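> Each residue of the sequence shown is one higher than the one before, starting from 214 at the first, in our numbering.
Where is the CB? At the ideal position from N, CA and C, for every residue including glycine.
As the structure is a prediction and not an experimental result, all values here were calculated from the model.
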Amino acid sequence: MKTLLAILLTLPLAAQQADPKPEEAKPAGEKNVSGSVEFGYRWVSEVRGSREAYRSLVDLEKGPRVFGADFTLLDPSSRLFDRIDLTSAGWGGEPHSSLHAGARKLGVYRLTADYSNLAYYNFLPSFANPGLAGGSLLNQRAFDTNRRYTNVDLDLMPGRRIIPYLGYTHDSGSGTGVTPFVADGNEYPVWNRLRDKTDHYRGGVRVEMNRFHVTLEQGATKFKDDQFVGTADRNLGNRTTTLFDQRLVLNSLRQAYGVRGDSVYSKVLLTAAPASWLDVFGQFLYSKPSSDVTYSAEARGMLAQLSAARFFSGQFDTLFAEAKQPHSSGSAGFELRPVKKVRIVESLMTDRFHNASSAVLAEQLYFGTATTAGQTIGLNSFDRLVYNYNRQELDVIVDLCSRLTLRGGHRYEWGNALVRTGALDLRGSEAGELKRQVGLAGFSMRPVQRLSLTLDYERGAGDRSYFRTSLYDYTKLRARARYQLMPSLFVGANFSVLDNTNPTAGVKYDFSSRSNTLSLQWLPQGGKRLGFLGEYSRSTLSSDLNYLDPLYRSQERSFYRDNAHVASALVDVSLPAVAGSQGKMSVGGSLFISHGSRATNYYSPVWRIQQPLVRKVQWFGEWRWYGYSEPVYLYEGFRSHLFQTGLRLSL
């Protein structure tokens with residue numbers, strides 16, 4: 214944060230809006246300094262029910278807040294800058310805060326800087342918890358982390374034919390959580406500490422001519438990821454039964470890994486219009502990332518070695534590994550207009566990466582007392598991942614008349630992959646292939662002036678696929694309609710469906726999704742005094758797939774079904790004007806009701822008011838109620854009232 218503030222104080226910062234034309238002058242009457250700030254206080258009632266669920270889904274706390282601020286500074290002399298903008302939101306303890314700042318000097322530079330901080334908390338014990346049936350409410354995957362993101366972009370000579378540019382992005386995260394320690398025959402949820410960071414540097418030049426555009430970019434990334442896992446408590450893990458009449462237990466654990474990686478890449482983008490009836494485009498990206506991994510673990514307890522069908526009291530592991538992954542991807546295509554009202558779009562893309570890795574593992578097993586070494590295991594492994602994906606698509610678009618446009622096309626996807634098999638597969642490696650033919654169709658029509666209809670249709674037939682849950686034999690349909698009943702009343706409807714099935718032996722995957730949405734917008738007199746916006750959706754989803762339980766190594770069925778109702782509505786009412794400014798009151802809310810594998814009820818009514826007090830001072834207030842419940846997992850429900858109020862001051 215200090216680095217960002219230093220940048221904001223010592224460098225001109227970028228504007229939020231696009232550069233005006235070079236001849237554009239300052240609008241008459243626009244102030245040199247303008248802006249506003251919103252600040253106030255939030256009250257949150259005592260959360261009744263699960264505070265962990267409240268923090269996972271809402272995570273708003275009480276206290277003073279700066280809800281938002283924006284400022285603009287204009288320099289009539291244009292010595293160092295023409296315009297500086299600053300916008301911020303969510304400061305003072307909010308789970309998500311952001312800052313955007315920038316400046317420009319027409320024809321000289323444009324600089325933008327963005328910063329955001331996201332507090333991510335996730336602790337819902339019912340998710341992925343094998344011990345739930347036994348009364349354990351310890352989440353298997355929990356997070357209490359912060360993510361910080363910074364991005365700075367500088368364009369030199371914007372609006373010219375040749376535009377050099379530079380950029381820098383920093384993304385980092387840190388915090389604590391819970392993760393499972395996986396051992397033979399059992400998994401143990403344990404505490405962990407997380408920390409990662411990625412720095413991305415880039416620079417290049419954009420060449421913008423009348424008939425073509427070229428971008429050349431060179432960049433690099435540096436990455437690191439560290440995790441420490443530990444426990445000192447007696448941990449029985451997820452297994453509720455004995456293994457060969459022996460109870461498995463983890464008494465202590467110290468595990469740490471560190472990953473370091475870097476990559477250099479080159480990118481080329483091209484668009485051109487060599488003729489009035491032809492446009493071409495293409496891009497190419499090549500990178501060669503590499504990574505190094507160090508890992509160590511020391512575990513004590515009653516542990517199992519299934520390959521030798523025996524138990525041991527402790528183990529100590531160290532591992533060193535490295536990997537390299539040359540990656541190239543590119544796409545090219547054209548739009549051809551052979552005759553009036555007909556467009557032919559052809560595109561081809563390919564994505565290829567090959568990952569080669571090696572690892573050295575040393576493992577010491579202890580039997581009996583902790584000081585009695587029983588077996589030392591050394592392992593050198595070499596692994597390889599090959600992934601090639603290609604896609605070719607041809608679309609024909611015909612404007613039959615001013616009110617009807619038809620679309621039709623074909624897509625062909627193919628590729629191959631080579632991966633290492635799982636622990637239960639003795640083949641060592643497995644080759645995969647992808648082949649899929651997809652038919653495309655659609656139309657856009659306006660039968661009358663106030664009615665518009667759009668439909669998109671896909672029908673895919675797969676021969677092979679990489680993943681069990683990938684699209685295989687599928688149908689995808691989306692239809693949209695919008696009708697203007699009167700100048701102030703609009704009605705919209707959306708319908709979408711996706712059906713996918715994979716009949717391959719050993720997979721037998723079926724997936725189905727439906728969604729129907731109806732929306733209504735009513736703005737009498739353009740919404741000057743009253744406005745209404747409402748939407749209702751009815752959706753259904755089902756998924757049916759067999760899988761192998763890694764703990765008990767048995768065939769299990771994963772079946773999920775969800776039928777949901779989602780609705781939201783908001784009524785805006787104008788209040789009497791004060792000091793030339795109009796006030797507004799809003800009443801509405803949203804709800805979510807679902808039935809199925811994870812039935813859920815969520816209600817959130819809201820009331821807002823904005824009322825000018827005097828010139829350039831506005832009071833605002835908001836009340837909201839959060840009600841969340843799960844009929845099957847009652848302990849995850851919560852209820853809470855939220856009220857916030859404050860002032861908006863304008864310059």
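Beta-carbon separation of Leu761 and Thr682 under 8 Å?
Translated into positions along the sequence shown, residue 761 becomes position 548. Translated into positions along the sequence shown, residue 682 becomes position 469. Taking 8 Å as the Cβ cut-off, Leu761 and Thr682 do not qualify as a contacting pair.
> Let's see if you can read the secondary structure: which residues bound the beta strand (DSSP E) around Glu843?
Taking the sequence shown and counting its residues from 1, one reaches residue 843 at position 630. Where Glu843 is concerned, there is no enclosing beta strand (DSSP E), given that its DSSP letter is neither H nor E.
> Looking at Leu449: is its Cβ nearer than 8 Å to the Cβ of Val403?
Walking along the sequence shown from the start, residue 449 turns up at place 236. Walking along the sequence shown from the start, residue 403 turns up at place 190. Contact: no.
> Are Gly655 and Leu668 touching if we call contact CB-CB under 8 Å?
Within the sequence shown, the letter at position 442 stands for residue 655. Within the sequence shown, the letter at position 455 stands for residue 668. Their beta carbons are under 8 Å apart, which means Gly655 touches Leu668 by this criterion.
> Between Leu461, Val472, Asp458 and Arg447, which has its C-alpha nearest Lys435's C-alpha?
Reading the sequence shown from its first residue, position 222 is the one you call residue 435. With distances taken between Cα atoms, Lys435 lies closest to Val472.
> Within 10 angstroms of its Cβ, does Glu400 collect 16 or more other Cβ (buried), or is it exposed?
Against the sequence shown, residue 400 aligns to sequence position 187. Label assigned to Glu400: buried.
> Within the same chain, show all residues whose beta-carbon is closer than 7 Å to that of Phe294, passing over the 5 residues directly before and after it, in chain order.
Counting from 1 along the sequence shown, the entry for residue 294 is found at position 81. Once the five neighbours on either side are set aside, the close Cβ partners of Phe294 are Pro225, Asp288, Ala316, Arg317 and Lys318.
> Alpha carbon to alpha carbon, what distance is there between Thr363 and Lys554?
Position 341 of the sequence shown, counted from the start, is the residue given in the question as residue 554. Position 150 of the sequence shown, counted from the start, is the residue given in the question as residue 363. If you take the alpha carbons of Lys554 and Thr363, they lie about 46 Å apart.
> Give a yes or no on whether the C-beta atoms belonging to Val271 and Trp304 are separated by under 8 Å.
The residue given as residue 271 occupies position 58 in the sequence shown. The residue given as residue 304 occupies position 91 in the sequence shown. Cβ distance not < 8 Å, so Val271 and Trp304 don't count as in contact.
> So, do the segment 712 to 728 and the segment 739 to 754 have three or more beta carbon pairs nearer to each other than 8 Å?
Taking 8 Å as the limit for Cβ pairs, the verdict is that the segment 739 to 754 does touch the segment 712 to 728.
> Do Tyr841 and Gly850 come within 8 Å of each other at the CB atom, strictly closer than that value?
Counting from 1 along the sequence shown, the entry for residue 850 is found at position 637. Counting from 1 along the sequence shown, the entry for residue 841 is found at position 628. Yes, they are a contact pair.
> What does the Cβ neighbour count give for Ala396, buried or exposed, with the cut at 16 atoms within 10 Å?
Translated into positions along the sequence shown, residue 396 becomes position 183. Label assigned to Ala396: buried.
> Check whether the segment 509 to 528 and the segment 545 to 552 touch, using three or more Cβ-Cβ pairs below 8 Å as the test.
Contact between the segment 509 to 528 and the segment 545 to 552 is absent, because fewer than three Cβ pairs lie under 8 Å.
> What would DSSP say about Phe856, mapped onto helix, strand or coil?
The residue you call residue 856 lines up with position 643 of the sequence shown. It is a strand residue.
> Just to check my reading of the structure: Ala314 and Ala326 have Cβ atoms closer than 8 Å, yes? What is that Cβ distance to the nearest angstrom?
In the sequence shown, counting from the first residue as 1, residue 314 sits at position 101. In the sequence shown, counting from the first residue as 1, residue 326 sits at position 113. About 5 Å separates the two Cβ atoms, so the contact holds.
> With distances taken Cα to Cα, identify the nearest neighbour of Tyr625 among Tyr696, Arg677, Ala534 and Leu351.
Position 412 of the sequence shown, counted from the start, is the residue given in the question as residue 625. Residue Arg677 is the option with its Cα nearest to Tyr625.
> Rounded to a whole number of angstroms, what is the C-alpha to C-alpha distance between Gly719 and Ala572?
To locate residue 719, count along the sequence shown from 1; it is residue 506. To locate residue 572, count along the sequence shown from 1; it is residue 359. The straight-line gap from Cα to Cα measures roughly 32 Å.
> Roughly how many angstroms lie between the CA atoms of Met370 and Ser615, to the nearest whole one?
Walking along the sequence shown from the start, residue 370 turns up at place 157. Walking along the sequence shown from the start, residue 615 turns up at place 402. Each residue's Cα considered, the two are about 41 Å apart.
> Identify the residues that DSSP records as bridge partners of Trp832: which are they?
Taking the sequence shown and counting its residues from 1, one reaches residue 832 at position 619. Trp832 pairs with Gln824 and Leu860.
> Leaving out the 5 sequence neighbours to the left and right, which residues in its chain are closer than 7 Å to Tyr267 when beta-carbon positions are compared?
Working through the sequence shown from its first residue, we reach residue 267 at position 54. Val260, Phe851 and Ser853.
> Would you mind stating whether Leu578 and Phe524 have Cβ atoms separated by less than 8 Å?
Residue mapping note: residue 578 aligns to position 365 of the sequence shown, counting from 1. Residue mapping note: residue 524 aligns to position 311 of the sequence shown, counting from 1. Not in contact: Leu578 and Phe524 (Cβ atoms no closer than 8 Å).
> State yes or no: is the C-beta of Gln496 within less than 8 Å of the C-beta of Ser544?
Here the question's residue 496 lines up with position 283 in the sequence shown. Here the question's residue 544 lines up with position 331 in the sequence shown. Their beta carbons are under 8 Å apart, which means Gln496 touches Ser544 by this criterion.
> Helix, strand or coil for Pro737? Go by DSSP, reduced to three states.
The residue you call residue 737 lines up with position 524 of the sequence shown. Pro737: helix per DSSP, three-state reduction.
> To the nearest angstrom, report how far apart Ile822 and Gly386 are at their CA atoms.
As a first step, residue 822 must be located in the sequence shown, where it is residue number 609. As a first step, residue 386 must be located in the sequence shown, where it is residue number 173. Their backbone Cα atoms lie some 37 Å apart in a straight line.
> Taking the beta carbon of Gly680 as the centre, do at least 16 other beta carbons fall within 10 Å, making it buried, or is it exposed?
Position 467 of the sequence shown, counting from 1, holds the residue named residue 680. The question names Gly, but residue 680 is Phe in the sequence shown. With fewer than 16 Cβ atoms within 10 Å of its Cβ, Phe680 is classed as exposed.
> Going along the chain, which unbroken runs of the beta strand (DSSP E) with 3 or more residues stay wholly within the segment 673 to 712?
Here the runs fully enclosed are 686 to 699.
> Could you please give the first and the last residue of the uninterrupted beta strand (DSSP E) stretch that includes Ser247?
Sequence index remark: in the sequence shown, residue 247 carries index 34 (1-based). That run of the beta strand (DSSP E) goes Val246 to Val257.
> Compare the C-alpha of Asp564 against each of Pro716, Asn601, Gly621 and Leu690 and name the closest.
Taking the sequence shown and counting its residues from 1, one reaches residue 564 at position 351. Selected option, being the one with the closest Cα: Asn601.
> Alpha carbons only, please: which of Arg373, Gly859, Pro818 and His623 is nearest the one belonging to Pro825?
Counting from 1 along the sequence shown, the entry for residue 825 is found at position 612. The shortest C-alpha separation from Pro825 is found at Gly859.
> To the nearest angstrom, report how far apart Ser810 and Phe340 are at their CA atoms.
Walking along the sequence shown from the start, residue 810 turns up at place 597. Walking along the sequence shown from the start, residue 340 turns up at place 127. Roughly 12 Å between the two C-alpha positions.
> Using the C-alpha atoms, what's the distance from Val704 back to Thr618?
Here residue 618 refers to the residue found at position 405 when the sequence shown is read from its first residue. Here residue 704 refers to the residue found at position 491 when the sequence shown is read from its first residue. If I take the Cα positions, the gap works out to 22 Å.
> Less than 8 Å separating the beta-carbons of Leu736 and Gly747?
Here residue 736 refers to the residue found at position 523 when the sequence shown is read from its first residue. Here residue 747 refers to the residue found at position 534 when the sequence shown is read from its first residue. Contact: no.
> May I ask you to report which of helix, strand or coil DSSP gives Lys215?
Against the sequence shown, residue 215 aligns to sequence position 2. Since pLDDT at Lys215 reaches only 36, below the 50 mark, its modelled position is unreliable, and the value read off the structure follows with that caveat. Lys215 falls in the helix class under three-state DSSP.
> How is Ser290 classed by DSSP in three states: helix, strand or coil?
Taking the first residue of the sequence shown as position 1, residue 290 is located at position 77. Note: Ser290 maps to coil in three-state DSSP.
> With which residues is Arg361 paired in a DSSP beta bridge?
On the sequence shown, residue 361 is found 148 positions in, with the first residue counted as 1. Arg361 pairs with Asn330 and Ser385.
> So, with DSSP's three-state summary, where would you put Ala812?
Counting from 1 along the sequence shown, the entry for residue 812 is found at position 599. Residue state, collapsed to three classes: coil.
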